[in-house]
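Going line by line, the protein sequences match chains U and D.
Read in order, the letters of the first sequence correspond to residues 1 to 706 in the UniProt record's numbering.
Read in order, the letters of the second sequence correspond to residues 1 to 706 in the UniProt record's numbering.
Number of protein chains: 2
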Amino acid sequence: MSWQVYRRSIKKKRSMHIGVVGKINTLVNKVLEPLHPHVEEHQPKNIKHLSHTFSREKQHLVFYKYQPIGLVRKYFGEKIGLYFAWLGLYTQMLIPASLVGVFVFLYGCATVDDNIPSMEICHPKNNITMCPLCDRVCSYWKLSTACATARASHLFDNPATVFFSIFMALWAAMFMENWKRRQMRLNYEWDLTGFEDEEDHPRAEYEFRVMQKSLCKDQKSQQKVIMPVEKLTYRDRLPAYMTNIVMMLLMIGVTFAIVFGVILYRISTKAALHMSSNPITRNHVQLTVKTTAAIINLVVILILDEVYGAVARWLTVLEVPKTDKSFEERLIFKTFILKFFNAFTPIIYIAFFRGRLVGRPGSYLYVFESYRMEECAHGGCLMELCIQLSITMLGKQLIQNNLFEIGIPKLKKLIRYIRSKQGAFQEEERQKKLQRYETDHFLEPFAGLTPEYMEMIIQFGFVTLFVASFPLAPLFALLNNIIEIRLDAKKFVTELRRPVAARAKDIGIWYNILRGVAKVAVIINAFVISFTSDFIPRMVYQYMYSPDGSMHGFVNHTLSYFNVSHFQDGKETMDPLHLGYSIEICRYKDYREPPWSATPYEISKEFWAVLAVRLAFVIVFQNVVMLMSDIVDWIIPDIPKDISLQIHKEKILLVDLFMKEEQGKVYILESRPSAGGTEKCSRSNNSNSTVAHPHSGLHTNNNKNL
Amino acid sequence: MSWQVYRRSIKKKRSMHIGVVGKINTLVNKVLEPLHPHVEEHQPKNIKHLSHTFSREKQHLVFYKYQPIGLVRKYFGEKIGLYFAWLGLYTQMLIPASLVGVFVFLYGCATVDDNIPSMEICHPKNNITMCPLCDRVCSYWKLSTACATARASHLFDNPATVFFSIFMALWAAMFMENWKRRQMRLNYEWDLTGFEDEEDHPRAEYEFRVMQKSLCKDQKSQQKVIMPVEKLTYRDRLPAYMTNIVMMLLMIGVTFAIVFGVILYRISTKAALHMSSNPITRNHVQLTVKTTAAIINLVVILILDEVYGAVARWLTVLEVPKTDKSFEERLIFKTFILKFFNAFTPIIYIAFFRGRLVGRPGSYLYVFESYRMEECAHGGCLMELCIQLSITMLGKQLIQNNLFEIGIPKLKKLIRYIRSKQGAFQEEERQKKLQRYETDHFLEPFAGLTPEYMEMIIQFGFVTLFVASFPLAPLFALLNNIIEIRLDAKKFVTELRRPVAARAKDIGIWYNILRGVAKVAVIINAFVISFTSDFIPRMVYQYMYSPDGSMHGFVNHTLSYFNVSHFQDGKETMDPLHLGYSIEICRYKDYREPPWSATPYEISKEFWAVLAVRLAFVIVFQNVVMLMSDIVDWIIPDIPKDISLQIHKEKILLVDLFMKEEQGKVYILESRPSAGGTEKCSRSNNSNSTVAHPHSGLHTNNNKNL
């Protein structure tokens with residue numbers, strides 16, 4: 001505290017010359033004085049000013065340095081200032097990421113015609129007959145009909161993607177480091193370097209529970225001496241913890257159940273539509289099912305997001321955390337876990353499980369004995385992943401973030417306005433009579449920064465977690481954020497009641513969550529590259545099996561043979577002559593022994609070889625990327641050099657000032673032998689400090705000599 | 001600084017009651033005053049006292065709490081105090097680790113008779129004929145002769161080892177966390193919480209180089225204005241950096257070359273000894289070669305350790321680091337890299353490469369066209385790893401740490417003593433005439449803590465890196481450290497000149513190195529379990545191939561068939577009837593197709609399956625253990641609760657004191673309108689601080705209301 005005051009006094013001296021810091025101080029003080037008598041006179045101008053530069057002007061669109069962060073901090077306090085600074089940096093960092101992402105996508109577009117596997121699939125002479133994709137109603141099909149999917153999947157599944165996911169992992173590390181540096185710089189500029197979180201007071205709910213507990217104890221042991229219960233122990237909170245764990249698992253279970261429900265919907269609809277006699281319906285089966293399923297998923301995610309938010313709050317209230325800070329952290333943690341599972345479970349299913357638990361022709365896997373598990377078209381799972389990712393990401397961003405965030409406050413304001421209109425006042429009279437704080441009361445109250453951060457972190461998840469399968473994600477995020485910054489600015493300035501300004505040194509638990517997401521992203525990307533994409537099988541074919549070291553013959557190599565006479569009874573297709581000729585051997589995508597081998601349909605040696613290489617790739621990728629992130633972390637210093645120099649200089653100034661002041665005190669005291677009751681105290685202090693100083697100085701010198 | 005002084009003054013007030021802190025302060029001050037006139041009077045008593053409790057008394061043997069850390073700090077300064085505290089904690093933490101390690105080893109001993117694979121190998125009815133282990137001179141051999149090795153390797157290769165390596169990874173995380181807490185506690189007790197590293201002054205060498213550079217510039221541009229060169233840029237240091245990189249790579253190359261040389265020695269000696277006609281020599285071939293090779297390795301490690309220490313110092317001097325701290329850090333980093341490679345390269349070779357690059361019968365791999373690569377006996381590589389580990393670890397600890405550390409200073413002291421004796425003085429007269437500081441001068445000068453820490457970190461590496469293959473390592477380390485603490489104590493107190501006391505808040509770069517070693521340990525243990533031990537092949541056999549789900553038939557499953565007629569010309573054994581009967585098919589340890597398959601001697605499907613499972617195990621193990629370590633890191637708070645409460649309380653006290661003092665000042669100033677030149681300054685400061693206070697208080701309140 002003394003330190004703070006001293007620093008401030010130094011600052012003030014300096015600011016005599018600069019002027020800005022002093023103004024900031026007085027402004028902050030004004031802002032923070034509740035019910036300040038002449039705030040109203042200033043505020044409208046202030047709002048106009050802030051609103052204009054913050055949410056209107058074009059140059060303040062994106063960049064941190066063009067955002068009026070100083071003004072934001074003055075008006076809203078450090079906590080919200082840090083949010084906008086963070087959002088600005090994130091958006092700024094998204095620019096290189098989306099540029100590289102677009103290049104990777106364009107590389108895919110440019111090389112799609114040179115891609116031998118898709119050429120082989122599309123070539124009409126490659127007359128490969130595939131096994132039916134569903135029982136009975138589906139028939140054999142030509143691989144060349146999957147030409148479009150194969151070409152499209154090359155856009156997202158090419159060697160550049162591997163490079164891009166390494167790049168994005170390093171990008172995430174760079175982002176963290178840059179944020180640490182920017183935070184440090186803002187801390188310095190906003191005079192927070194010496195600021196430490198003061199002890200929070202217990203929340204009223206907590207005090208109430210403690211009182212209840214001590215009353216209970218008193219009643220039980222009236223004969224004993226009354227001992228006040230000071231705190232809630234682990235045992236008091238045990239039921240709440242149990243409820244928490246059970247409910248969290250239940251909620252995650254609900255997410256899984258819904259994803260499973262959507263899978264069932266997809267399987268059954270597909271089967272039903274396949275059975276339809278209308279040929280047009282049958283042609284649009286894939287599109288219809290995929291689109292409706294993705295939309296159902298999106299709607300479910302949107303609804304569950306709201307439900308989960310409420311559940312997390314309820315669970316946190318049950319826990320009765322001691323302080324507001326701990327309440328917020330627990331709430332954020334729970335909300336994050338639930339929303340994260342909600343957003344990513346369907347995507348993880350598509351990326352890692354879809355098309356893997358299929359079985360093989362003649363012995364498919366069935367759910368509920370009748371629904372055959374979904375298969376992917378050739379090279380199709382990655383495409384589906386892309387579709388799901390883009391629909392979820394765009395849908396979430398457009399509907400939830402922008403429509404809900406802006407629309408609902410507007411709507412609520414309107415409702416509140418209409419309601420008050422039904423009162424006795426006439427509109428115009430009322431307008432005139434109303435004070436500024438009364439009109440402001442029609443605005444939505446400020447609900448904390450948690451939803452804003454949460455939205456961005458989930459988006460960060462989309463940008464980093466599955467970037468290997470969707471290199472355009474950073475671009476989408478960038479476009480969203482350019483709008484988001486302005487909408488947020490507008491919302492904060494004009495749609496919400498002005499929040500109580502709060503101080504904060506950092507973004508708190510969000511930083512840890514970001515780090516966690518970045519760590520998980522490395523592993524998930526490794527698995528997407530090695531298991532979802534065809535990168536590893538292609539490499540293995542080229543270097544182990546290809547007769548001429550080229551990719552020719554790759555498609556044939558990935559397809560196994562099946563003798564159609566081995567279909568189970570009642571499962572064979574009803575229309576065996578669909579392609580116009582009778583079929584004996586059909587092909588399916590798997591590494592299995594052919595029917596004429598000694599162990600027909602057993603998993604083949606190629607399968608194990610490819611699996612081993614895939615796993616080896618995961619190990620190498622994960623460790624190399626983690627090592628590189630650590631190196632980035634290590635090379636970039638957390639505190640910018642100019643700031644650390646400046647802090648050092650200030651410290652020296654401070655010591656000088658302190659020494660002078662001590663001398664001054666000694667001088668005063670010596671020239672005036674007795675000056676009242678306080679003199680004794682300060683003299684003893686003085687002697688202490690003056691004695692202590694040379695010693696510590698000497699101490700320092702010794703250190704240096706070592 | 002002001003903060004420090006204030007804290008100290010508060011402390012002093014409290015210490016009026018306690019007494020100890022005050023004494024410590026005065027003692028520290030005494031210790032730090034160079035050439036203090038009456039130090040000599042106190043020192044002998046002091047030494048005796050410290051020497052007694054520190055290095056003699058039995059209760060101070062091991063534990064941190066029984067070590068007189070307070071005394072050590074008082075006499076040697078914080079830096080050395082922290083070293084002994086760290087060593088104490090490390091030793092203390094080794095106790096549970098070595099207990100569990102011994103249990104794991106005993107579990108191996110207890111289950112050795114139930115181990116089906118070694119029973120199968122030892123059973124005389126299992127008449128498996130193995131292919132020769134070397135060309136021409138070796139002959140076929142019975143698998144049952146490898147019985148002893150197989151039984152012994154079960155001691156170190158059983159399911160408990162997997163548990164133990166997970167345990168040790170968590171142990172390492174716990175150790176880090178505990179150290180952070182203990183360090184925090186010591187920081188508090190030693191009044192270092194507010195201590196920050198003061199700016200180091202540039203080293204004389206650095207200043208000299210800068211001067212040289214500016215002189216050069218002056219000569220070049222005499223017509224221009226003289227501009228002083230302030231610092232060495234990256235470009236100035238480029239040659240030094242290049243030399244550094246080249247030399248480091250060269251040194252690591254030397255390590256590799258020496259390991260390769262030892263391999264060649266082993267191969268060639270083995271071949272030569274096999275050729276000898278003396279049957280006794282031939283019987284002892286294995287033992288002779290292994291022992292001599294391990295001893296050569298040890299000697300080379302010991303010699304190179306000294307060389308590398310000198311090289312690292314030379315390289316760091318070349319770099320001309322600016323400050324002493326940066327010099328020390330760079331030196332430590334380089335020394336650590338070189339010594340780490342030196343100690344662990346032979347072990348890594350045995351663990352991961354030995355017996356893998358062998359080829360197969362009929363097409364062995366040769367080095368220099370004539371030396372066949374080494375093979376391991378059945379289940380033998382793990383045993384060799386154990387032998388190598390124990391010899392290196394014990395040898396290093398006994399010879400290098402204890403013999404060198406104690407012996408060499410004693411020797412040097414003796415030499416110095418003898419030399420001075422050759423002078424003119426008579427012995428007894430001299431003894432009487434010598435001052436205390438003169439006799440002390442005969443002692444070895446203090447060379448820094450680097451060698452002490454380095455030794456312990458390399459030991460920490462032995463304890464964590466290969467713990468999966470050698471569960472007794474923690475026990476060996478514990479036994480060494482119990483002696484080490486006392487020897488170090490004795491050395492510091494009686495064998496070395498008393499070092500200049502230095503302050504330090506933490507153990508600096510060593511903590512980062514420890515963290516790095518712990519991280520690498522997770523990966524290496526994963527690889528040792530899955531690749532060096534037979535754990536995964538056993539699991540795979542039991543769950544994938546075993547006809548009855550038991551381990552019966554495992555040995556047969558791991559051995560491939562070879563038709564002896566397929567040996568290359570000139571490579572077949574000279575003594576085909578060694579076993580008394582003619583042999584058509586011999587067996588070798590590998591997963592390859594039998595001679596009668598369509599693709600004889602090709603890598604089989606089992607090989608790929610086992611490899612895939614091995615790699616999958618590495619991924620699962622690494623991620624699970626890293627997650628668990630992170631959770632340990634997250635659950636255990638870095639600052640002990642009582643300390644953080646205490647610090648908080650002190651802060652409140654401090655603010656009170658400060659406020660009172662400010663009031664006192666205001667009172668004095670008000671009662672005395674003009675008091676000299678300094679008055680103006682302190683008044684302006686006073687007004688600043690008194691104005692600033694209510695505001696910051698208000699600020700705080702606002703925070704809490706949010």
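Note that CB positions come from ideal geometry on N, CA and C, so glycine has one too.
Since the model is a prediction, treat every value here as computed from it, not as a measurement.
Handout entry: C-beta contact flag for I252 (chain U) and F163 (chain U) at 7 Å
Key = Position 252 of the first sequence, counted from the start, is the residue given in the question as residue 252 (chain U). Position 163 of the first sequence, counted from the start, is the residue given in the question as residue 163 (chain U). No, the pair does not count as a contact, with Cβ atoms beyond the cut-off.
Exercise for the section: Note down the Cα distance separating R235 (chain U) from A504 (chain U), rounded to an integer number of angstroms. Expected result: As a first step, residue 235 (chain U) is located in the first sequence; it is residue number 235 there, counting from the start. As a first step, residue 504 (chain U) is located in the first sequence; it is residue number 504 there, counting from the start. CA-CA distance, R235 (chain U) to A504 (chain U), rounds to 32 Å.
Problem - For E177 (chain D), the nearest candidate out of D:I536, D:R515 and D:V367 (CA to CA) - result: Your numbering for residue 177 (chain D) matches position 177 in the second sequence. Nearest of D:I536, D:R515 and D:V367 to E177 (chain D), Cα basis: D:R515.
Problem - Alpha-carbon to alpha-carbon, D506 (chain U) and Q183 (chain U) - result: Position 183 of the first sequence, counted from the start, is the residue given in the question as residue 183 (chain U). Position 506 of the first sequence, counted from the start, is the residue given in the question as residue 506 (chain U). So the two alpha carbons sit approximately 7 Å from each other.
Practice task
Tell me whether N297 (chain D) sits in a helix, a strand or coil according to DSSP, three-state version.
Solution key: Looking up residue 297 (chain D) in the second sequence gives position 297. Helix at N297 (chain D).
Practice task
Look at the Cβ atom of V299 (chain U), then the Cβ atom of T269 (chain U), and state whether they are nearer than 7 Å.
Solution key: Stepping through the first sequence from its first residue, residue 299 (chain U) is reached at position 299. Stepping through the first sequence from its first residue, residue 269 (chain U) is reached at position 269. In this structure, T269 (chain U) does not lie closer than 7 Å to V299 (chain U) by Cβ.
Handout entry: Helix, strand or coil at K217 (chain D) [DSSP, three-state]
Key = Against the second sequence, residue 217 (chain D) aligns to sequence position 217. Look at K217 (chain D) here: in three-state DSSP terms it is helix.
Exercise for the section: Check E109 (chain U) in the structure and name its three-state DSSP category. Expected result: Against the first sequence, residue 109 (chain U) aligns to sequence position 109. Here residue 109 (chain U) is Cys; the residue named in the question, Glu, does not match the sequence. Shown here, C109 (chain U) sits in a helix according to DSSP, grouped into three states.
Problem - Between the CA atoms of P132 (chain D) and Y588 (chain D) - distance to the nearest angstrom - result: Working through the second sequence from its first residue, we reach residue 588 (chain D) at position 588. Working through the second sequence from its first residue, we reach residue 132 (chain D) at position 132. C-alpha separation (whole angstroms): 9 Å.
Problem - Candidates U:R73, U:P409 and U:F103, of which the one nearest residue 710 (chain U) by Cα - result: Any answer about residue 710 (chain U) is impossible in this case: the structure gives chain U only from 1 up to 706.
Exercise for the section: Give a yes or no on whether the minimum CB-CB distance between V618 (chain U) and chain D is below 7 Å. Expected result: Stepping through the first sequence from its first residue, residue 618 (chain U) is reached at position 618. At a cut-off of 7 Å between beta-carbon atoms, V618 (chain U) makes contact with chain D.
Exercise for the section: State whether the region 344-354 of chain D contacts the region 461-476 of chain D, with contact taken as three or more CB pairs (one from each stretch) at a distance under 8 Å. Expected result: Under the three-pair Cβ rule at 8 Å, the region 344-354 of chain D counts as touching the region 461-476 of chain D.
Practice task
Quick one: using the 10 Å Cβ neighbour count with 16 as the cut-off for buried, is K334 (chain D) buried or exposed?
Solution key: The residue you call residue 334 (chain D) lines up with position 334 of the second sequence. K334 (chain D) comes out buried.
Exercise for the section: Please go through the same chain and pick out, in chain order, the residues whose beta-carbon is closer than 6 Å to the beta-carbon of R151 (chain U), but skip the five residues on each side of it. Expected result: As a first step, residue 151 (chain U) must be located in the first sequence, where it is residue number 151. Annotation for R151 (chain U): V112 and S118 place their beta carbon closer than 6 Å to its own, counting only its chain and skipping 5 residues before and after.
Handout entry: Minimum Cβ-Cβ distance from W86 (chain D) to chain U less than 7 Å
Key = Along the second sequence, read from residue 1 onward, the residue named residue 86 (chain D) stands at position 86. Taking a beta-carbon distance threshold of 7 Å, W86 (chain D) does not count as an interface residue toward chain U.
Handout entry: C-beta neighbour in chain D for K605 (chain U), strict 7 Å
Key = Here residue 605 (chain U) refers to the residue found at position 605 when the first sequence is read from its first residue. With 7 Å as the cut-off, K605 (chain U) counts as an interface residue toward chain D.
Handout entry: Assigned secondary structure, K505 (chain D) (DSSP; H/G/I helix, E/B strand, else coil)
Key = Position 505 of the second sequence, counted from the start, is the residue given in the question as residue 505 (chain D). Here DSSP, grouped into helix, strand and coil, assigns K505 (chain D) to coil.
Problem - Pairwise C-alpha distance: E452 (chain D) and V317 (chain D) - result: Residue 317 (chain D) sits at position 317 when you count from the first residue of the second sequence. Residue 452 (chain D) sits at position 452 when you count from the first residue of the second sequence. Straight-line Cα distance between these residues: approximately 21 Å.
Problem - Per-residue burial, L627 (chain U) [other beta carbons within 10 Å of its own, 16 or more giving buried] - result: As a working note, residue 627 (chain U) is residue 627 in the first sequence. Result: exposed.
Handout entry: Test: L238 (chain U) CB closer than 7 Å to a CB of chain D
Key = Locating residue 238 (chain U) in the first sequence gives position 238, counting from the first residue. So no, L238 (chain U) is outside the interface.
Practice task
Give the single residue among U:M659, U:K665, U:K649 and U:V666 whose Cα lies nearest to the Cα of Y188 (chain U).
Solution key: By 1-based counting over the first sequence, the position of residue 188 (chain U) is 188. In terms of Cα proximity to Y188 (chain U), the closest of U:M659, U:K665, U:K649 and U:V666 is U:K649.
Problem - Spatial distance of I509 (chain D) from L653 (chain D) (CA atoms) - result: Taking the second sequence and counting its residues from 1, the one referred to as residue 509 (chain D) is at position 509. Taking the second sequence and counting its residues from 1, the one referred to as residue 653 (chain D) is at position 653. One C-alpha to the other measures close to 34 Å.
Practice task
Report the rounded CA-to-CA distance for I619 (chain U) versus L615 (chain D), giving the unit in angstroms.
Solution key: What you label residue 619 (chain U) is simply residue 619 of the first sequence in a count that begins at 1. What you label residue 615 (chain D) is simply residue 615 of the second sequence in a count that begins at 1. Rounded to whole angstroms, I619 (chain U) to L615 (chain D) spans 8 Å at the Cα level.
Problem - Assigned secondary structure, T233 (chain D) (DSSP; H/G/I helix, E/B strand, else coil) - result: Position 233 of the second sequence, counted from the first residue, corresponds to residue 233 (chain D). If DSSP states are grouped into helix, strand and coil, T233 (chain D) belongs with coil.
Handout entry: 7 Å Cβ cutoff, A612 (chain D) in contact with chain U
Key = The sequence position of residue 612 (chain D) within the second sequence is 612, counting from 1. Yes, A612 (chain D) lies at the interface with chain U (some Cβ there is under 7 Å from its Cβ).
Practice task
For L94 (chain D), collect the residues of the same chain with a Cβ closer than 7 Å to its Cβ; drop the 5 residues on either side in sequence, then sort them by chain order.
Solution key: Residue mapping note: residue 94 (chain D) aligns to position 94 of the second sequence, counting from 1. Hits under 7 Å: P474, A477, L478 and N481.
Handout entry: Enclosing alpha helix (DSSP H) for F607 (chain D) [first to last residue]
Key = Stepping through the second sequence from its first residue, residue 607 (chain D) is reached at position 607. Its alpha helix (DSSP H) spans residues K605 to I635.
Handout entry: Below-7 Å beta-carbon distance, W179 (chain U) vs any chain D residue
Key = Taking the first sequence and counting its residues from 1, the one referred to as residue 179 (chain U) is at position 179. No, W179 (chain U) lies away from the interface with chain D (no Cβ there is under 7 Å from its Cβ).
Exercise for the section: Consult DSSP for E584 (chain D) and reduce its assignment to one of helix, strand or coil. Expected result: Looking up residue 584 (chain D) in the second sequence gives position 584. E584 (chain D) sits in coil when the DSSP states are folded into three classes, being neither helix nor strand.
Handout entry: Cut-off 8 Å between Cβ atoms - residues of its own chain near V520 (chain D), not counting five sequence neighbours on either side
Key = To locate residue 520 (chain D), count along the second sequence from 1; it is residue 520. Closer than 8 Å at Cβ, skipping near neighbours: L465.
Problem - Boundaries (first-last residue) of the alpha helix (DSSP H) holding F341 (chain D) - result: As a first step, residue 341 (chain D) must be located in the second sequence, where it is residue number 341. Where F341 (chain D) is concerned, the enclosing alpha helix (DSSP H) stretches over D324 to I348.
Problem - A146 (chain D) versus D:E455, D:C376, D:S363 and D:K491, residue with shortest Cα-Cα distance - result: Mapped onto the second sequence, residue 146 (chain D) falls at position 146. When each option's Cα is compared against that of A146 (chain D), the closest is D:C376.
Practice task
Specify, as a first and last residue, the run of the beta strand (DSSP E) that S153 (chain D) falls within.
Solution key: In the second sequence, counting from the first residue as 1, residue 153 (chain D) sits at position 153. Where S153 (chain D) is concerned, there is no enclosing beta strand (DSSP E), although the alpha helix (DSSP H) it sits in stretches over C147 to F156.
Exercise for the section: Answer yes or no: does any C-beta atom of chain D fall closer than 7 Å to that of W608 (chain U)? Expected result: The residue given as residue 608 (chain U) occupies position 608 in the first sequence. Yes, contact with chain D.
Practice task
Would you list, in chain order, the members of the region 628-662 of chain U that have their beta-carbon closer than 8 Å to a beta-carbon of chain A?
Solution key: Structure shown: chain A not included; protein chains present are U and D.
Handout entry: Classification of L99 (chain U) by the beta-carbon crowding that lies within 10 angstroms, buried from 16 upward
Key = Counting from 1 along the first sequence, the entry for residue 99 (chain U) is found at position 99. Exposed is the call here.
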